[in-house]
Amino acid sequence: MENFLSKKAPEPVGYYPHAKKVGGLLFLSGVGPRVVGSKNIPGVTLNNNGEIAHYDIEKQTLSTFNNVKLILEDCGSDWEKIIDVTVFLTNMSGDFKKFNSLYKQHFSSCFPCRTTVEVLSLPTPIAIELKVIAAV
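Structure (C-alpha cells):
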C-alpha cells in the first residue's frame, strides 16, 4: 500500500491522504471543489457567520471534477481509468438534474459505476463531494 498527497490538489481538510494505492487500484479520499492553496470555494458565497448564503452547483461540480483529475494524474492514473464514483450532494432535489447533466458530459467515455446519495452537510461549506476508485 502506498499513500499519496498531491501537490496539485487542495490539501485535505482532515488527517487523511488524497489517495491510497492498493495493488492496481487507487482509492481517492473525498474530493470537493476547493481551490489549491486557498480556502476559496468556487461558486460559494458565505454569510457573516461562515454559512452558505448562495452556491452554484455547476461551478462546484466542475471544480470537483478538476480536483479529481489533478489527484489522479499526480498518482499515476487518469480520468479514463475511473471505475467507480460515489457522489455526495447536500441538495438532491435542487441539484441532481444539473449535476447529472454535467456528469454525463464528463464521464461518457469512461462510464464508471456510480452511487449518488444526499447528505445533510459536508465538512466544509460545499454542496458536492466525490469518492473515486480508479485503476493505476
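Just so we're aligned: the sequence shown equals residues 403 to 538 in my numbering. Glycine residues also receive a C-beta, built at the ideal position from the N, C-alpha and C atoms.
Review point. Does the separation of the CB atoms of T517 and V487 fall below 9 Å?
Key: Yes, they are a contact pair.
Review point. Given L427, which residues of its chain have a CB within under 8 Å of its CB, disregarding the five upstream and five downstream residues?
Key: Cβ neighbours of L427 beyond the five flanking positions: I485, I535, A536, A537, V538.
Check your understanding: Around the Cβ of S495, are there at least 16 other Cβ atoms within 10 angstroms (buried) or fewer (exposed)?
Key -> That one is exposed.
Review point. In its own chain, which residues sit with a C-beta less than 7 Å from the C-beta of P412, not counting the 5 before and 5 after it?
Key: Listed in chain order, the non-local C-beta contacts of P412 below 7 Å within the same chain comprise R436, V437, V438, N469, local neighbours out to five positions each way being set aside.
Check your understanding: Per the contact definition of three or more C-beta pairs closer than 8 Å, is the stretch 445-458 in contact with the stretch 414-427?
Key -> With the rule of 3 Cβ pairs closer than 8 Å, the stretch 414-427 does not count as touching the stretch 445-458.
Point to revise | First and last residue of the uninterrupted beta strand (DSSP E) at E520 | key: For E520, the enclosing beta strand (DSSP E) has its first and last residue at 515-520.
Check your understanding: When the Cα atoms are used, what is the spatial distance from E482 to E475?
Key -> C-alpha separation (whole angstroms): 11 Å.
Review point. Whose CA, out of K500, S431, L464, lies closest to the CA of P444?
Key: With distances taken between Cα atoms, P444 lies closest to L464.
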